[in-house]
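2 protein chains.
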Amino acid sequence: MSRFELDARLERDSELITVLGLCQLRLLKDSRWPWLMLVPQRPSMTEIFELTPLDQALLTFETNMVGAALKQVTGCTKVNIGALGNIVRQLHIHVIARFEGDPAWPGPIWGFGQSVPYQDQKSRQDLIDKLVEAISS
Amino acid sequence: MSRFELDARLERDSELITVLGLCQLRLLKDSRWPWLMLVPQRPSMTEIFELTPLDQALLTFETNMVGAALKQVTGCTKVNIGALGNIVRQLHIHVIARFEGDPAWPGPIWGFGQSVPYQDQKSRQDLIDKLVEAISS
Numbered sequence: 001m002s003r004f005e006l007d008a009r010l011e012r013d014s015e016l017i018t019v020l021g022l023c024q025l026r027l028l029k030d031s032r033w034p035w036l037m038l039v040p041q042r043p044s045m046t047e048i049f050e051l052t053p054l055d056q057a058l059l060t061f062e063t064n065m066v067g068a069a070l071k072q073v074t075g076c077t078k079v080n081i082g083a084l085g086n087i088v089r090q091l092h093i094h095v096i097a098r099f100e101g102d103p104a105w106p107g108p109i110w111g112f113g114q115s116v117p118y119q120d121q122k123s124r125q126d127l128i129d130k131l132v133e134a135i136s137s
Numbered sequence: 001m002s003r004f005e006l007d008a009r010l011e012r013d014s015e016l017i018t019v020l021g022l023c024q025l026r027l028l029k030d031s032r033w034p035w036l037m038l039v040p041q042r043p044s045m046t047e048i049f050e051l052t053p054l055d056q057a058l059l060t061f062e063t064n065m066v067g068a069a070l071k072q073v074t075g076c077t078k079v080n081i082g083a084l085g086n087i088v089r090q091l092h093i094h095v096i097a098r099f100e101g102d103p104a105w106p107g108p109i110w111g112f113g114q115s116v117p118y119q120d121q122k123s124r125q126d127l128i129d130k131l132v133e134a135i136s137s
């Protein structure tokens, strides 16, 4: 039985915020959008429907909790949720705050331009703190 | 209390395959990819987390059932699942069969090029029939 190990590219492109019941909640290193990622800590998964029914329910719960928190904290126009995995096959779910008029609006953000690392560490930490608070309440 | 009515653009861009417990299952009028859409038949919904917990569970069940059927029927490389809604706000979930080397691979398909209507009605009907069979079994 294999053990869960985070994909090297997902690890490089994001940082851990917290661990939920099933998933790692991570923040992408891209300041263009508040961009979160959920990674179920289960080995060898590439599609959501490969998870057990219980894990599917947990993933839904965690995704929707994180989506609602992101909407609340950012006041975004629309939350975008996506499970693509065309490049990195390890199952991961994107949860992104989108704003009318943001650089890629209304198109998708995946593959759009180059990521812009956070320069303002205070605003990055502030986002993380508010998300953790919203999720915990 | 308002009644569910399908958004006019979603209706124009897709056709009904079948109605599941919660959602309309629809086929996009774009032959570039086997591209399905689930539309929960609930009024005034824009985000998944606005659905009741039971509807969230139903949506998860239906999305994963449809995703598994699409994978089985098409033998695709990867299923892409997305809830964006930046253009059409009525809640809808995309389930798309992606193939290595398809026109947009490995990028997302939303906003990519122009849709190509099905010319071959037999292959379109064949896809629909196989999907319905896979979902029913």
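Residue numbers (UniProt numbering), protein chains in the order written: chain A, 1 to 137; chain B, 1 to 137.
Idealized CB from N, CA, C, for every residue including glycine.
Please report the residue range of the beta strand (DSSP E) in which residue i lies.
| i | result |
| --- | --- |
| B:LEU27 | 23 to 28 |
| A:THR18 | 14 to 19 |
| B:ALA83 | 78 to 83 |
| B:VAL39 | 35 to 40 |
| B:ARG98 | 93 to 98 |
What span of residues does the alpha helix (DSSP H) with residue i cover, start to end?
| i | result |
| --- | --- |
| B:ALA68 | 53 to 74 |
| A:ALA104 | Unbroken run through A:ALA104: none, as it is neither H nor E. |
| B:SER136 | 121 to 136 |
Kindly indicate if chain A contains any beta-carbon less than 8 Å away from that of residue i.
| i | result |
| --- | --- |
| B:ALA57 | yes |
| B:PRO103 | no |
| B:GLU62 | no |
| B:ILE81 | yes |
| B:GLU47 | yes |
| B:ILE128 | no |
| B:ALA8 | no |
| B:PRO106 | yes |
| B:LEU20 | no |
| B:LYS71 | yes |
Judging by CA-CA distance, which residue of the options is the nearest neighbour of residue i?
| i | options | result |
| --- | --- | --- |
| B:VAL73 | B:TRP33, B:LEU10 and B:VAL88 | B:TRP33 |
| A:CYS23 | A:PRO53, A:ALA8 and A:VAL66 | A:VAL66 |
| B:ARG42 | B:ALA134, B:PHE4 and B:PHE49 | B:PHE4 |
| B:THR18 | B:MET37, B:TYR118, B:ILE96 and B:THR77 | B:MET37 |
| A:GLU47 | B:LEU20, B:THR77, B:VAL88 and B:LEU25 | B:THR77 |
| B:ARG9 | B:ILE96, B:ARG98 and B:VAL88 | B:VAL88 |
| B:LEU70 | B:ASP13, B:GLU15 and B:ARG98 | B:ARG98 |
| B:GLN125 | B:GLU15, B:LEU6 and B:PRO40 | B:GLU15 |
| B:GLN119 | B:ILE135, B:SER31 and B:LEU6 | B:SER31 |
| A:ARG12 | A:LYS29, A:LEU25, A:SER2 and A:LEU20 | A:LYS29 |
| B:GLN114 | B:GLN121, B:PRO103, B:LYS122 and B:SER123 | B:PRO103 |
| B:ILE135 | B:ALA68, B:GLN90, B:LEU59 and B:THR60 | B:ALA68 |
| A:THR52 | B:PRO53, B:PHE61, B:GLN56 and B:LEU51 | B:PHE61 |
| B:VAL116 | B:LEU20, B:GLY75, B:TRP35 and B:SER2 | B:TRP35 |
| A:GLN90 | A:LEU131, A:SER137, A:LEU27 and A:GLU50 | A:GLU50 |
| A:LEU58 | A:SER44, A:PRO40 and A:MET45 | A:PRO40 |
| A:LEU127 | A:GLU100, A:ASP55 and A:ARG26 | A:ARG26 |
| B:VAL95 | B:LEU131, B:GLY101 and B:GLN121 | B:LEU131 |
| A:HIS92 | A:GLU100, A:GLY101, A:GLY75 and A:THR63 | A:THR63 |
Could you tell me whether the Cβ of residue i comes closer than 8 Å to any Cβ of chain B?
| i | result |
| --- | --- |
| A:ARG98 | yes |
| A:TRP35 | no |
| A:LYS122 | no |
| A:ALA134 | no |
| A:GLY85 | yes |
| A:GLY67 | yes |
| A:GLY111 | yes |
| A:LYS78 | yes |
Does the structure place the region 94 to 111 of chain A close enough to the region 104 to 118 of chain B that three or more beta carbon pairs sit under 8 Å?
yes
Should the region 74 to 83 of chain A be regarded as contacting the region 78 to 98 of chain B, the criterion being three or more beta carbon pairs within less than 8 Å?
Yes: the two stretches touch, three or more of their Cβ pairs being nearer than 8 Å.
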